[in-house]
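Enquirer: Chains as they are written, first to last, in UniProt numbering: chain W, 1 to 115; chain V, 1 to 115.
Protein chains: 2
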Amino acid sequence: MERVCYNVNHHETVARVREKQLAEDQVRDVAAIFQAMGDPTRVRILHALVQSEMCVCDLAAVLEMTQSAVSHQLRNLRNLRIIKRRKEGRVAYYNIDDEHIKTLFETGLHHVSHR
Amino acid sequence: MERVCYNVNHHETVARVREKQLAEDQVRDVAAIFQAMGDPTRVRILHALVQSEMCVCDLAAVLEMTQSAVSHQLRNLRNLRIIKRRKEGRVAYYNIDDEHIKTLFETGLHHVSHR
DNA sequence: ATCATATATGAGCAACTGTTCATATGTTAC
DNA sequence: GTAACATATGAACAGTTGCTCATATATGAT
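1. Can you grab the Cα-Cα spacing for the pair Asn79 of chain V / Leu74 of chain W, in whole Å?
2. Would you call the CB atoms of Val112 of chain W and Val30 of chain V closer than 8 Å?
3. Do you know offhand how far His114 of chain W's Cα is from His10 of chain V's?
4. By the criterion of Cβ-Cβ separation under 8 Å, what are the contact partners of His10 of chain W in chain V?
5. When the cut-off is 8 Å and only beta carbons count, does Leu77 of chain V lie next to chain W?
6. Would the segment 16–34 of chain W count as touching the segment 63–74 of chain W if we require 3 or more Cβ pairs under 8 Å?
7. Smallest Cα separation from Tyr94 of chain W: which of W:Val50, W:Ala69, W:Arg16 and W:Glu106?
8. Would you list, in sequence order, the uninterrupted alpha helix (DSSP H) runs of no fewer than 4 residues that lie entirely inside the UniProt domain "HTH arsR-type" (22–115) of chain W?
9. For chain V, find out if any of its Cβ atoms is closer than 8 Å to the Cβ of Arg90 of chain W; answer yes or no.
10. Would you give the residue range spanned by the alpha helix (DSSP H) that Val8 of chain W belongs to?
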């Protein structure tokens, strides 16, 4: 990496913040969670699921998107344990995985609604 | 859009969730906030700024990244009003924009640390 | 004025992402 | 068994993103 800064301006701050840096896997995991919530389609899916457990077919109807597109996104969210699936015959019901996720999502929603 | 679902399985649920759908700009805004927090570099930047106001040069030192890369990301975050800038001479100091953002970020961090 | 430093930014490019399309898998009804 | 339905998934393709590199702008020191 090139030398871009000839002297660190605030040695004490840099040292202190360096010490408390997050572990690589923490950074990866938190970024993955936020990234998953950072897409309009997935926001709409999560907002729907906060209100009610829903099957793929119903979600596609609400979002007015293809079953395939919705299913792909549900897989993304499920892989990250943001939502969970319950199967009943041929119907798959999706739910927010836990209360923490619900809280996190609603905190973000609350933020944009109040500014 | 093709017909993928021959009968909506749960009319009542679909109708109820449809009614409470988010407005398009709410969806866009909340997705943008989460998306901005959904990148490892920006997570590290935010985690640093939660601890202390920092200048670009110091952030680059902590992250061990080029000044240019950091500056580009700071612009992204500032455009979304996630961080704010304070100028003092030729030095630009960055800060988390408000307490809501700090809370949102820490809620996400807390989530991945406790599972 | 010139030089050094701090930050900002446009272009370019490789990597990633979200949708579509086609198709596969699995379940229910007959 | 076959047909209808619900969901899942791989490939492909366009659009987006994050970094690098080069360069621009702006301030402070001399």
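Quick reminder that beta carbons are idealized off the backbone N, C-alpha and C, glycines included. Computed from a predicted model, the values in this text were never measured in an experiment.
Expert: Looking at the atomic coordinates:
1. 30 Å
2. yes
3. 33 Å
4. Met54, Cys55 and Asp58
5. no
6. no
7. W:Val50
8. Within the UniProt domain "HTH arsR-type" (22–115) of chain W, the complete alpha helix (DSSP H) runs of at least 4 residues are 24–37, 40–51, 56–63, 67–79 and 99–113.
9. No, Arg90 of chain W lies away from the interface with chain V (no Cβ there is under 8 Å from its Cβ).
10. In the DSSP assignment, Val8 of chain W falls outside any alpha helix (DSSP H), carrying neither H nor E.
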